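For what it's worth, the working numbering labels the leading residue of the sequence shown as 88, then goes sequentially.
We put the CB at the ideal spot given by N, CA and C, even for glycine.
Owing to the predicted nature of the structure, the values given are computational and were not obtained by experimental measurement.
Notes to accompany the following structure.
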Amino acid sequence: MRHTISALVENKFGVLARVTGMISGRGFNIDSLNVAPTQDPSVSRITIVLNGDDAALDLCIKQLRKLVNVVDVTDFKEGQAVARELVLVKVRADSQKRPEIIQITDIFRAKIINMSPDSLIIEVIGDEDKVNACLGLLEPFGVLELARTGRLALRR
88 MRHTISALVE
98 NKFGVLARVT
108 GMISGRGFNI
118 DSLNVAPTQD
128 PSVSRITIVL
138 NGDDAALDLC
148 IKQLRKLVNV
158 VDVTDFKEGQ
168 AVARELVLVK
178 VRADSQKRPE
188 IIQITDIFRA
198 KIINMSPDSL
208 IIEVIGDEDK
218 VNACLGLLEP
228 FGVLELARTG
238 RLALRR
């Protein structure tokens, strides 16, 4: 089962290493990991997506809460959070295929953020299903590069 965990941590050297080390030490594989400062520059938010059973996850969360420099830990249950992902995708786009690619970006409310004679860089923001659907339609054109943030989440 996939779980999204949000941890507020003090913005200090080594905190991320301790958090990820503890999680991997519990046998979890981290599907995605995002870290950035919050509105308070002394605190960062770590958003982690994990696969695992509920019992092991509960133990993992308890251990996270015991770590030095961890301020708060939240396990988002289904429907408790607003979650989004950002993807930048560079797609092969000659002049003949460009109108079709633009139509796909419009359908998904994506943005073309860079245009060159032979490619487009597209920004896609949304939940994981929307992002995957858009990427699936863009793939036949030829994905040249891809950068994906992974899930970000905040409580509703």
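Nearest-angstrom Cα separation, counted from residue j out to residue i
i	j	result
M109	D216	29 Å
A240	T125	13 Å
D162	A142	13 Å
R185	N156	49 Å
I148	L120	16 Å
D159	I194	38 Å
S203	A220	24 Å
L231	G223	14 Å
R238	E172	5 Å
D140	A94	19 Å
V178	E210	11 Å
F115	I133	16 Å
T91	N98	21 Å
V102	L225	38 Å
CB contact flag (residue i, residue j, <8 Å)
i	j	result
L175	A123	no
I188	A180	yes
R105	L154	yes
D118	V136	yes
Q167	R243	yes
R113	Q150	yes
Strand pairing of residue i, partner residues [DSSP]
i	result
E215	Its beta-bridge partners do not exist; DSSP assigns none.
R163	First, the amino acid is wrong: residue 163 is Phe here, not Arg. Looking at the DSSP assignment, F163 forms a beta bridge with T91.
R242	A168
Cβ separation of residue i and residue j, assumed to be a contact under 8 Å, to the nearest whole Å
i	j	result
A170	D214	6 Å
I200	I208	5 Å
### Message
If we require 3 or more residues per run, which beta strand (DSSP E) segments fall completely within the stretch 130-161?
### Response
130-138
### Query
Hey, which unbroken runs of the beta strand (DSSP E) at 3 residues or more fall wholly within the stretch 100-133?
116-124
### Message
Give the list of continuous beta strand (DSSP E) stretches no shorter than 3 residues that lie fully inside the stretch 168-239.
### Response
Within the stretch 168-239, the complete beta strand (DSSP E) runs of at least 3 residues are 168-179, 198-203, 206-213 and 230-235.
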